[in-house]
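J.: Please read through the structure below; I'll follow up with questions.
Numbering (UniProt numbering), first residue to last: 1 to 342.
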């Protein structure tokens, strides 16, 4: 992106104080973090607990990631801090789950989850192999089925409990997403720029087993959904083709009646929003920035017609109607290896 648009949420006088365009972009992204919208739509999203990320936590993640990249292990000091942070998160999760050590939760930071690093999590390949054989009618060598199972495994790998919080922290340490976010917190939103600082939290959320087929990404402009796409767009779901019209109506009605008015009241009129349908009920998963860097799923920012649809509508819902091709070339090295070797 050659030029980053002006922040819509700040006045001109405030913008004058933010000369760096990259910093402007980061502000727009962070202004869609969960802390800014959760209270407004609390009844329509997953129950959440916030645990403050302190400056020392930020420094730990940066140091631990860099050390892990070099040696594959933590220094003694970082290991001590790891133990301390594990206990802090475990206690927070136990408080959230009323003492149930086995109840699963989803954990992220204010900005993102460590989903880029879940492939390296414990038992990932084993769980994937189990998912491959869960339906005896499926051809285990079919690429679309493999992508279906890999997508499901990736979601399951993001569920943790008080007993597995150390696994979560290990994944965070390996995650480039978390490392990048911590660097941003450290470099752009430190104590010298309190006026433009943003909340830094571990975000503990209620976990539900979700069907990847029923997760959707939408873009909203002027408080109206302009486009919607299946979220996991590398997979063809035959059943989704059958349900598409019904789901479109259900999600549009939910958004227009329950979500848009409440977000509009707090000044949010332009954003990316993810939905999921669980047992016939629509939920909001999260909001993201309305940016060219935001994955637009089956729409393309680079395509002129698609870009206009994302920005202005009219509404269009896209989903796979046939099996995709050339998928392997678009996967990360780690995901590609799992598919090719199993």
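Note that the Cβ used here is the ideal one computed from N, Cα and C, for glycine as well. Fair warning: this is a prediction, and the values are worked out from it, not measured in the lab.
Please state whether DSSP places residue 342 in a helix, a strand or coil.
T.: Sequence index remark: in the chain shown, residue 342 carries index 342 (1-based). Three-state DSSP puts residue 342 in coil, outside helix and strand.
J.: I need the DSSP call for residue 284, collapsed to helix, strand or coil.
T.: Translated into positions along the chain shown, residue 284 becomes position 284. Three-state DSSP puts residue 284 in a strand.
J.: Compute the distance between the beta-carbons of residue 181 and residue 269, then report whether it is under 8 angstroms.
T.: Counting from 1 along the chain shown, the entry for residue 181 is found at position 181. Counting from 1 along the chain shown, the entry for residue 269 is found at position 269. Contact: no.
J.: Output yes or no for whether 8 angstroms exceeds the beta carbon distance between residue 200 and residue 107.
T.: Looking up residue 200 in the chain shown gives position 200. Looking up residue 107 in the chain shown gives position 107. Going by C-beta atoms, residue 200 is not nearer than 8 angstroms to residue 107.
J.: Which parts of the region 144-204 are runs of the alpha helix (DSSP H), unbroken and 4 residues or longer, counting only runs that do not cross its ends?
T.: Within the region 144-204, the complete alpha helix (DSSP H) runs of at least 4 residues are 165-174 and 176-188.
J.: Does residue 231 come within less than 8 angstroms of chain B when only Cβ atoms are used?
T.: You won't find chain B in this structure, because it holds only one protein chain.
J.: So, at 7 angstroms on beta carbons, what are the nonlocal neighbours of residue 100 in its own chain, with the 5 sequence-adjacent residues on each side left out?
T.: Numbered from its first residue, the chain shown carries residue 100 at position 100. Answer for residue 100: no residue qualifies.
J.: Restricting to runs no shorter than 4 residues, where is the alpha helix (DSSP H) found entirely within the region 75-153?
T.: Counting whole runs of 4 or more residues, the region 75-153 contains the alpha helix (DSSP H) stretches 76-96 and 124-132.
J.: Of all the beta strand (DSSP E) runs that stay within the bounds of the region 260-304, which reach a length of 3 or more residues?
T.: Counting whole runs of 3 or more residues, the region 260-304 contains the beta strand (DSSP E) stretches 271-278 and 281-288.
J.: By DSSP's criteria, residue 49 is part of a beta bridge. Which residues make up the other side?
T.: Within the chain shown, numbered from 1, the residue matching residue 49 stands at position 49. DSSP lists 204 as partners of residue 49.
J.: Three-state secondary structure (DSSP) at residue 234?
T.: Looking up residue 234 in the chain shown gives position 234. The answer is coil: DSSP assigns residue 234 none of H, G, I, E or B.
J.: Buried or exposed: residue 116, going by 16 or more other Cβ atoms within 10 Å of its Cβ?
T.: Locating residue 116 in the chain shown gives position 116, counting from the first residue. The residue in question, residue 116, is buried, as its Cβ has 16 or more Cβ neighbours within 10 Å.
J.: Taking the beta strand (DSSP E) that residue 218 belongs to, which residues open and close that run?
T.: Looking up residue 218 in the chain shown gives position 218. 215-221 is the extent of the beta strand (DSSP E) around residue 218.
J.: Assign residue 229 to one of three DSSP states: helix, strand, or coil.
T.: As a first step, residue 229 is located in the chain shown; it is residue number 229 there, counting from the start. Residue 229: strand per DSSP, three-state reduction.
J.: Below 8 angstroms on the Cβ atoms is my guess for residue 119 versus residue 278; work out the distance and round it to an integer in Å.
T.: Numbered from its first residue, the chain shown carries residue 119 at position 119. Numbered from its first residue, the chain shown carries residue 278 at position 278. About 25 angstroms; that fails the 8 angstroms criterion.
J.: Give the C-beta separation of residue 287 and residue 32 to the nearest angstrom, bearing in mind that I take them to be a contact with Cβ-Cβ under 8 angstroms.
T.: Here residue 287 refers to the residue found at position 287 when the chain shown is read from its first residue. Here residue 32 refers to the residue found at position 32 when the chain shown is read from its first residue. Sure, about 5 angstroms apart at Cβ, within 8 angstroms.
J.: Three or more C-beta pairs under 8 angstroms: does that hold for the region 247-264 against the region 34-45?
T.: Short answer: they touch.
J.: Let's test the definition: count the other Cβ atoms within 10 Å of the Cβ of residue 57 and tell me whether it reaches 16, buried, or not, exposed.
T.: Numbered from its first residue, the chain shown carries residue 57 at position 57. So residue 57 ends up on the buried side.
J.: Would you call the CB atoms of residue 28 and residue 291 closer than 8 angstroms?
T.: Indexing the chain shown from 1 puts residue 28 at position 28. Indexing the chain shown from 1 puts residue 291 at position 291. A contact, by the Cβ cut-off of 8 angstroms.
J.: Taking buried to mean at least 16 other C-beta atoms within 10 Å of its own C-beta, is residue 326 buried or exposed?
T.: If you number the chain shown from 1, residue 326 lands on position 326. Label assigned to residue 326: exposed.
J.: Residues in its own chain within less than 8 angstroms of residue 315 by CB, not counting five upstream and five downstream?
T.: As a first step, residue 315 is located in the chain shown; it is residue number 315 there, counting from the start. Correct list, in chain order: 224, 225, 226, 227, 228 and 252.
J.: In angstroms, rounded to a whole number, what distance separates the CA positions of residue 186 and residue 245?
T.: Counting from 1 along the chain shown, the entry for residue 186 is found at position 186. Counting from 1 along the chain shown, the entry for residue 245 is found at position 245. Using only the alpha carbons, I get a separation of about 46 angstroms.
J.: Residue 317 lies in the beta strand (DSSP E); which residues open and close that run?
T.: Position 317 of the chain shown holds residue 317. That run of the beta strand (DSSP E) goes 316-318.
J.: If we ignore side chains and look at the alpha-carbon of each, how far apart do residue 122 and residue 305 end up?
T.: By one-based count along the chain shown, residue 122 stands at place 122. By one-based count along the chain shown, residue 305 stands at place 305. Straight-line Cα distance between these residues: approximately 43 angstroms.
J.: Examine the Cβ distances between the region 162-169 and the region 79-90 and report whether three or more of them are shorter than 8 angstroms.
T.: Flag = yes, the region 162-169 and the region 79-90 touch.
J.: With a Cβ-Cβ cutoff of 8 angstroms, do residue 46 and residue 283 count as a contact?
T.: What you label residue 46 is simply residue 46 of the chain shown in a count that begins at 1. What you label residue 283 is simply residue 283 of the chain shown in a count that begins at 1. The answer is yes: Cβ separation under 8 angstroms.
J.: Suppose you measure from the CA of residue 285 to the CA of residue 114; what does that come to, to the nearest Å?
T.: Residue 285 sits at position 285 when you count from the first residue of the chain shown. Residue 114 sits at position 114 when you count from the first residue of the chain shown. Cα to Cα, residue 285 sits roughly 16 angstroms from residue 114.
J.: Exposed or buried, which one is residue 141 when buried takes at least 16 other CB atoms within 10 Å?
T.: Translated into positions along the chain shown, residue 141 becomes position 141. Exposed, because fewer than 16 other Cβ atoms sit within 10 Å of the Cβ of residue 141.
J.: At what residues does the alpha helix (DSSP H) containing residue 66 begin and finish?
T.: Taking the chain shown and counting its residues from 1, the one referred to as residue 66 is at position 66. Run containing residue 66: 55-71, per the alpha helix (DSSP H) assignment.
J.: Spatial neighbours of residue 73 within its chain, please: CB distance less than 8 angstroms, with the 5 preceding and 5 following residues excluded, ordered by chain position.
T.: Translated into positions along the chain shown, residue 73 becomes position 73. Contacts found: 67.
J.: With DSSP collapsed to three states, give me the class of residue 323.
T.: By one-based count along the chain shown, residue 323 stands at place 323. It is coil, neither helix nor strand.
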